[in-house]
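Written below as structure tokens is the structure these notes are about.
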Amino acid sequence: MWLFQVDRVAAVISPVMAEGFLTGCAVMVIVSQLPSVFGSGAKTSKDLFGTPLVIIATAVSHFLQLDTKHNVKVVGNITSGYSVKLVTQRPADRNRDDVKHSRKLYAQWLQSDGPRMCRFYLDETNYNIWCSRNFGRAAKGQPAVHTTTTTKGANLNIMACMSANGVIHWTAVDRVHWAVFDDFLSDVSACVESEEPNTEAVFIFDGAPAHARAEQAALANSMHSIKHLPACSPFFNPIEEVFSKFKSHVKAYLSERPDLVLATPQGMTKKEHRRSLLLDAARHSMQQIQCVDCAAFDRHNFSFVPAALREDDL
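Going by the working numbering, the first residue of the sequence shown is number 1398, and it counts up by one from there.
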């Protein structure tokens, strides 16, 4: 690790050289004033960061006395805020004109009628016994290995409904199809009518195949209605954030109990034992979803309204 300081420039660099070229480098540059390079006019950090990054990178490269071409790229990338991240998959047609227009219409509804109605979001997710993430240490060049069985086992499907007041209802099923979803929607409607009679409620969900016949569901009150989300718009569905937190707790629950995962009690089949364990994980994890979480997720939903009204890419 080498440390260079010129005027008020501090640069820390750890290079890995291969065949005379810089192939790996971690650089942190802190610039507050460089009068010797940029002239007396650059008095503040704001003035300096208004300077093209290539010029700043070239100056730092000069101070480090390393290959200019490669340092411009490295320092430029870092000062631009680029870093290695987990790749997120997104549909290629998520920003088609018709999709953006449907988002605009939904945003208009959410802005005008949404606040006066009780909004309930429904969806489903699934997981299996090996959904926990494991990390381990191993010798250089060797993988960190954790021995498991050859199959991941059957998935457990969770169907849930949430509002800004919390998780209203959830259930576990072996398979999700339109009849199962319609029954769940009817149960949710009955639950809402029982808790808040004669409330104008709207049940919102995406266009998954299992939701295709939701209009056939028996709602408990004529004041209850359904609404489909725009295509490719998970950011308008706060229950996605509920499931994200839910799965995080499921993974933690299972990773803390590795012996239970592998050991099947006497008198139970492996399938029965694993389903029981997955249900225990679901019960524990759903209890971690607080009302304050759901309220925050619902507020976050509204933060995408301005961009949708402008028909921006999302």
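Heads up, the beta-carbon is just placed ideally off N, CA and C, and yes, glycines get one too.
| Item | Value |
| --- | --- |
| C-alpha distance - Leu1711 paired with Ser1630, whole-angstrom precision | 8 Å |
| Nearest-angstrom Cα separation, counted from Leu1657 out to Ala1693 | 35 Å |
| Buried or exposed (CB count within 10 angstroms, at least 16 for buried), Thr1522 | buried |
| The alpha helix (DSSP H) enclosing Leu1659, as first and last residue numbers | 1655-1659 |
| Ile1555 versus Leu1582: straight-line alpha-carbon distance, rounded | 14 Å |
| Beta-bridge partners of Met1556, as assigned by DSSP | Glu1521, Thr1568 |
| Top-ranked residue by Cα proximity to Asn1618, from Arg1610, Ser1591, Leu1626 | Ser1591 |
| Nearest to Ala1598 (by Cα), restricted to the options Gln1508, Tyr1518, Pro1655 | Tyr1518 |
| C-alpha distance - Arg1672 paired with His1566, whole-angstrom precision | 20 Å |
| Residues near Glu1708 by beta carbon distance below 6 Å, same chain, minus five either side | Lys1497, Lys1501 |
| Proximity of Val1639 and Ser1682 at Cβ, strictly below 8 Å | no |
| Cutoff 6 Å; reference Ala1607; Cβ partners in own chain excluding five residues on either side | Val1573, His1574, Trp1575, Phe1578 |
| Whether Asn1562 touches Tyr1524 by CB criterion (8 Å) | no |
| DSSP state of Gly1664 mapped onto helix, strand, coil | coil |
| Whether Ala1569 touches Ala1679 by CB criterion (8 Å) | yes |
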